[in-house]
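Asks: The structure is given below, and queries will be raised subsequently.
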Amino acid sequence: GTATTDPAFGLPAHWIEERQKEAAQMGGFTVVDSETVMATHLSHLMQVQAAKLLSRTETQQLVEHVSKLAPKLIEEVVPKLVSIATFQRVLQLLLEESVNIRDIRTIVETLAENAGATTDPVELVRRVRTALAPAIVQQIYGAVKELDVIAIEPGFERLLMQALGNPHSPALDPGVAEVFTRTAAEVALKQEERGVPACLLVPDGIRGAIARLVKRSAPRLQVLAHSEIPETHTIRIGPILRGANA
-8 GTATTDPAFG
2 LPAHWIEERQ
12 KEAAQMGGFT
22 VVDSETVMAT
32 HLSHLMQVQA
42 AKLLSRTETQ
52 QLVEHVSKLA
62 PKLIEEVVPK
72 LVSIATFQRV
82 LQLLLEESVN
92 IRDIRTIVET
102 LAENAGATTD
112 PVELVRRVRT
122 ALAPAIVQQI
132 YGAVKELDVI
142 AIEPGFERLL
152 MQALGNPHSP
162 ALDPGVAEVF
172 TRTAAEVALK
182 QEERGVPACL
192 LVPDGIRGAI
202 ARLVKRSAPR
212 LQVLAHSEIP
222 ETHTIRIGPI
232 LRGANA
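For the sequence shown, the tail end lands on 237 under the numbering used here, and the numbers increase by one without skipping.
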């Protein structure tokens, strides 16, 4: 076939004829039709643009909308405890990971509860995600109660925790990062090929860092923290991501 690059996952790929499909599948290749490739790519573009299009003006309009529903709540939170700029950044970070921000009241209430402890948008997003966890899981899996997840091999997970879980630790080796992101993209693509949500389950302390790490190579891969799994759900471990030497 003709060499190309998958626009959604950034992986090396080949265009092939319909008659070559069966042979490619028998050879162990993941085969995706062109319509699915384009739909996946467009979905990613819309996700990215949603965050970029949330301007200061749109954020202010959201604040005004919520103030009509819960005037006391907004009066106490924005901008007294949380600036408009911080509120905007929190919403953008949520949108970048395809988190639905429709439940704006819960978001504002969570910011109110935590603004005294931190003003860092990344940390605030972590706490907002915990509050929105049931909705986030439903958004990914629907009504399913047993969640198929991708996991990380324990030894490799410890390495990632050491490198990403502490700002004072040495940075993750570029070679290790490259292997991890490439493997994550390949596994995510195979999960979607099976009709299963591509979702990676990781320790709480590195969820945000992992999500940012795989964002470019696997934009449709969802990254959930252990604490974001509702008590009403169970998990089923599927593919295991391993380091180069694991």
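Each residue gets a CB set at the ideal place from its N, CA and C atoms; glycine is no exception.
Nothing here was measured: the structure is a model prediction, and the numbers come from that model.
1. Counting only the same chain and skipping the five closest in sequence on each side, list residues whose C-beta sits under 6 Å from that of I143.
2. For T225, I'd like the list of residues in its chain whose CB is within less than 8 Å of its CB, leaving aside the five on either flank, ordered along the chain.
3. Would the segment 52 to 65 count as touching the segment 175 to 185 if we require 3 or more Cβ pairs under 8 Å?
4. Kindly indicate which residue of G(-8), E148, A202 has the alpha-carbon position closest to the one of I7.
5. Note down the Cα distance separating V205 from V167, rounded to an integer number of angstroms.
6. Which residues in the same chain have their Cβ closer than 7 Å to the Cβ of A126, if we skip the five residues on either side of it in sequence?
7. For the beta strand (DSSP E) that contains H224, what are its first and last residues?
8. Leaving out five residues before and five after T110 in sequence, what residues of the same chain have Cβ atoms less than 7 Å from its Cβ?
9. Quick one: grab the DSSP three-state call for V214.
10. Could you say which of L86, Q11, A122 lies nearest to E219 if we only look at CA atoms?
11. Kindly list the residues whose CB is nearer than 7 Å to the CB of H5, restricted to its own chain and excluding five residues on each side of it in sequence; keep chain order.
12. Let me know if D172 comes out buried or exposed under the rule of 16 or more other beta-carbons within 10 Å of its beta-carbon.
13. I think L72 touches A42, with their Cβ atoms under 8 Å apart; what is that distance to the nearest whole Å?
14. Is the separation between the beta-carbon of A189 and that of A209 shorter than 9 Å?
Replies: Put simply:
1. L232
2. K136, E137, L138
3. no
4. G(-8)
5. 13 Å
6. N91, D94
7. Element bounds for H224: n/a, residue is neither H nor E.
8. T77
9. strand
10. A122
11. G(-8), T(-7), A(-6), T(-5)
12. Inspection of the sequence shows that residue 172 is occupied by Thr rather than by Asp. The residue is buried, with at least 16 neighbouring Cβ atoms inside 10 Å.
13. Actually they are not in contact, since the Cβ atoms of L72 and A42 sit about 23 Å apart, beyond 8 Å.
14. yes
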